[in-house]
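Only one structure is covered here, and it is reproduced in the block below.
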Amino acid sequence: MLRFVLALCFTALAGWAAPRFEAEFLFPLEHWHNHSSSVVELPGGDLFAVWYNGSGERTADDVKIEGARWNHRTRTWSKRFLVADVANFPDCNPIVWIDPQRRLWLFWPTIVANEWHTSILQYRIFAQYPDASGPPRWQDGGIVLFEPKDFEAREKTALEPMLAKATDERAREYLKQIIARAGDKYFRRMGWMPRTHPIALPSGRFILPLYSDGYDFSVVAYSDDQGKTWNGSEPMIGQGAVQPSIVRKKNGVLVSWFRDNGPPPQRVLRSESRDDGVSWTVATDTDIPNSGTSVEVIVLKSGEWLMVNNDTEKGRHSLSAWLSDDEGASWKWKRHIEFDDRKEKAGSFHYPSVIQSSDGVIHVTYSYFLNHVPAGQPRKSIKHAAFNADWVKEAGR
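Take 387 as the starting number for the sequence shown in the working numbering and just add one per residue.
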């Protein structure tokens with residue numbers, strides 16, 4: 387019997403040595419709005435995923451944070467459970483993360499006045515990891531407050547040249563509005579929201595990527611005392627550079643990749659920091675298409691970089707995994723996780739959350755919407771895909 391069990395285990399592990407892909411829903415399709423998931427591997431090998439659920443987004447006061455746990459032995463998801471809910475306020479964009487001290491963090495914004503720029507960034511830290519069917523029992527929590535560094539001066543330095551060159555009147559008015567908001571202390575301290583995983587630097591610094599729909603650009607909150615207090619970086623400015631995903635090169639340079647909320651062409655934007663996240667170059671377009679939706683990049687154990695992105699200038703019907711073996715200078719391999727070729731009402735597969743588990747498997751959770759199904763009918767869920775780098779490379783380019 388023992389030999390049989392060992393043989394099964396060896397076969398299961400050996401299967402990931404070849405190109406492999408698996409996918410399943412966390413729960414059946416339903417009419418409720420389920421969006422913006424985040425996934426993490428817990429010590430022991432289980433996965434923990436969270437997302438927000440309700441009748442809408444920022445304007446729906448019933449929105450709450452839900453979660454579920456994937457059992458690595460049974461390879462099934464638990465029943466969903468409540469993770470966080472500020473009664474009568476929308477709770478959105480949750481992020482889960484395990485820090486170097488093996489603590490489980492939850493970050494999420496509570497929307498105070500039904501506008502994204504009125505959000506307050508909250509956090510919780512675990513007391514015990516969730517069991518196979520229940521939510522975490524949080525030990526500590528609070529709100530993340532910080533003052534962005536040199537915000538007004540940096541914004542004017544970067545945006546005033548853009549204003550001088552802008553010929554479109556709508557763009558000019560928008561830039562004027564954003565520059566004026568830089569001097570509003572209340573406005574620049576509110577509305578910062580997470581979308582992608584934090585990272586920890588070799589120095590111990592925590593880097594929490596954030597963005598603002600009020601400014602349409604981003605910032606880093608960083609902590610040098612394991613999350614007790616937070617400081618703000620200079621603004622990460624670009625034309626619609628939001629929802630940053632940050633990775634570290636071998637030489638210590640931080641590279642941030644952004645969703646494109648700006649003017650055409652629609653591209654993933656890129657920025658760098660050479661001082662551990664305090665200052666950043668102006669974000670500029672890459673040659674990677676992006677339809678104005680979230681992108682995440684991680685460094686694999688092999689040293690390769692993995693990006694998951696909606697690789698089209700319009701729509702969210704194409705979700706793909708990209709691989710780079712030169713730290714993002716080029717992306718040699720790409721393969722679709724989801725693709726819907728319907729010309730009208732194609733599905734939306736978007737807002738990926740990406741990790742690599744301790745066994746080397748890549749895990750992605752993402753929002754899954756069937757847009758051809760009438761509103762009020764089952765058409766939305768969170769989906770989980772698991773694959774390896776060889777599966778991406780198998781497709782070539």
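Cβ coordinates follow ideal geometry from the N, Cα and C atoms, glycine included. Just so we're clear, the structure is a prediction, and the values are computed from it rather than from any experiment.
I'd like the span of the beta strand (DSSP E) that includes residue i, first residue to last.
i	result
V778	Element bounds for V778: not the beta strand (DSSP E) but the alpha helix (DSSP H), A775 to E780.
Y737	S734 to Q742
T496	L490 to I497
K720	W719 to F725
Y438	L433 to G440
E427	H419 to E427
W708	S704 to S710
When DSSP builds the beta bridges, which residues end up paired with residue i?
i	result
S609	F592
P675	R653
T751	S739 and H770
Y509	F493 and G528
K535	For K535, which the question treats as bridged, DSSP gives no partner whatsoever.
D477	T496
L692	I684 and L709
N757	Note: N757 sits in no beta bridge, so no partner.
E620	Partner(s): none; E620 has no beta bridge.
S665	DSSP output for S665 lists no bridge partner at all.
R645	V628
N457	T462
R523	Q514
R634	L640
Which of the three DSSP states, helix, strand or coil, is assigned to residue i?
i	result
L412	coil
W402	coil
R515	Inspection of the sequence shows that residue 515 is occupied by Tyr rather than by Arg. Coil at Y515, not helix or strand.
T809	This structure leaves residue 809 out entirely; the chain is present only between 387 and 783.
R540	helix
P764	coil
L468	strand
K700	coil
A393	With a pLDDT of 39 at A393, under the threshold of 50, the modelled position of this residue cannot be trusted; read the value that follows with caution. Residue state, collapsed to three classes: helix.
W502	helix
K450	strand
L545	helix
A550	helix
A715	coil
L640	strand
T670	strand
Y597	strand
E658	strand
R444	coil
W483	strand
Label residue i either buried or exposed according to how many other C-beta atoms from any shown protein chain fall within 10 Å of its C-beta, with 16 as the threshold for buried.
i	result
R574	buried
A761	exposed
D646	buried
K731	exposed
S734	buried
A775	buried
P584	buried
E758	Position check: residue 758 holds His in this sequence, whereas Glu was assumed. H758 is exposed by the Cβ-count criterion.
R540	buried
R466	buried
R716	Before going further, note that residue 716 is Ser rather than Arg in the sequence given. Exposed, by the Cβ-count rule.
P580	buried
I497	buried
L709	buried
With residue i as the anchor, note down where its alpha helix (DSSP H) starts and where it stops.
i	result
R575	K571 to R575
R567	E555 to R567
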